[in-house]
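To keep things clear, I will list the structure first and then write my remarks on it.
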Amino acid sequence: MDFYHEDNITIFTHPLIQHKISMLRDKNTGTNEFRKLVEEIAMLEGFEALSDLPLEDVEVETPIETCMTPMVARRKLAIVPILRAGLGMVSGVLALVPTAKVGHIGLYRDEETHEPHEYYCKLPNPIEERTIVVTDPMLATGGSAVDAITMIKNHGGRKIKFMCIIAAPEGLERLRTEHPDVQIYVGHLDRQLNEDAYICPGLGDAGDRIFGTK
């Protein structure tokens with residue numbers, strides 16, 4: 163088994179995911195390698211997170227004969243990154259399902275209260291017909307994830323999954339409590355938040371490390 167599953171939470175134990183997360187943690191890992199690792203981890207997590215995508219039989223002509231064979235149903239997947247760090251995970255999921263639509267949710271964190279504030283929301287239409295994968299590398303306090311999912315539900319989204327690379331216990335518990343119907347996928351559960359609401363041991367600011375900013 164390559165993951166631990168309880169209720170609506172899946173925590174991955176796959177050796178490749180753990181190895182790549184350890185590389186992410188290294189402060190000497192440069193922007194280009196960091197970005198590629200985030201994409202690869204998202205792809206590995208997405209393989210499991212998307213295991214229940216609906217299928218439909220389509221007619222295909224093989225070199226031997228015509229047959230009915232299953233393919234992922236159309237208009238069934240939306241990827242919604244929480245800006246900006248969540249963008250780093252999108253290409254990994256798109257590598258699995260290139261036909262997926264991509265929305266965006268913009269939130270920024272108040273440096274004093276650590277609470278998120280919305281500044282942008284654009285979702286594929288019709289959102290209510292889709293499986294929605296919300297991406298954000300870090301689940302720290304849980305505020306951004308909770309608010310983003312609330313926004314999606316307010317727009318009609320129903321089948322929602324949340325995918326992150328590392329999580330703090332505080333954020334994971336908050337997200338599970340406030341959105342018990344959302345499936346949560348976690349690459350690694352870290353120890354705790356510090357007084358500045360950063361995950362420990364963590365990997366620093368994922369957005370800055372993905373985009374090479376400070």
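Adding 162 to a residue's 1-based position in the sequence shown gives its number in my numbering.
Where a beta carbon is used, it is the ideal one built from N, C-alpha and C, also for glycine.
Requested in this report: Mind the definition here: the stretch 333-344 touches the stretch 194-204 only if three or more C-beta pairs lie below 8 Å; say whether that holds.
Outcome: Here the stretch 333-344 makes no contact with the stretch 194-204; the two share fewer than three CB pairs at distances below 8 Å.
Requested in this report: If I'm right that V264 touches I314 with Cβ under 8 Å, what's the distance once you round it to whole angstroms?
Outcome: Start at 1 with the first residue of the sequence shown, and residue 264 comes out as number 102. Start at 1 with the first residue of the sequence shown, and residue 314 comes out as number 152. Not a contact, Cβ separation roughly 13 Å.
Report task. Might you give, ordered along the chain, the residues of its own chain that have their beta carbon closer than 8 Å to the beta carbon of T339, omitting 5 neighbours on each side? Result -> What you label residue 339 is simply residue 177 of the sequence shown in a count that begins at 1. Contacts found: none.
Query raised in the report: For T228, which of V234, A235, V220 has the nearest alpha-carbon?
Result: Taking the sequence shown and counting its residues from 1, one reaches residue 228 at position 66. Ranking the options by Cα distance to T228, first place goes to V220.
**Report entry** Euclidean distance between Cα positions of L351 and E210
**Finding:** Position 189 of the sequence shown, counted from the first residue, corresponds to residue 351. Position 48 of the sequence shown, counted from the first residue, corresponds to residue 210. Rounded to the nearest angstrom, the two C-alpha atoms are 17 Å apart.
Query - G305 versus I294 - alpha carbon distance - result: The residue you call residue 305 lines up with position 143 of the sequence shown. The residue you call residue 294 lines up with position 132 of the sequence shown. Cα-Cα distance, rounded: 19 Å.
Query - Beta-carbon gap between V255 and L212 smaller than 9 Å - result: As a working mapping, residue 255 is identified with position 93 in the sequence shown. As a working mapping, residue 212 is identified with position 50 in the sequence shown. A contact, by the Cβ cut-off of 9 Å.
Requested in this report: Using three-state DSSP, classify D298 as helix, strand or coil.
Outcome: Residue numbering aside, residue 298 sits at position 136 when the sequence shown is read from its first letter. In the three-state DSSP reduction, D298 falls in the coil class, being neither helix nor strand.
Query raised in the report: Nearest-angstrom Cα distance between I171 and L334?
Result: For the purposes of this step, residue 171 is identified with residue 9 of the sequence shown, where counting begins at 1. For the purposes of this step, residue 334 is identified with residue 172 of the sequence shown, where counting begins at 1. Rounded to the nearest angstrom, the two C-alpha atoms are 9 Å apart.
Query - CB of P286 within 9 Å of CB of A240, strictly - result: What you label residue 286 is simply residue 124 of the sequence shown in a count that begins at 1. What you label residue 240 is simply residue 78 of the sequence shown in a count that begins at 1. Taking 9 Å as the Cβ cut-off, P286 and A240 qualify as a contacting pair.
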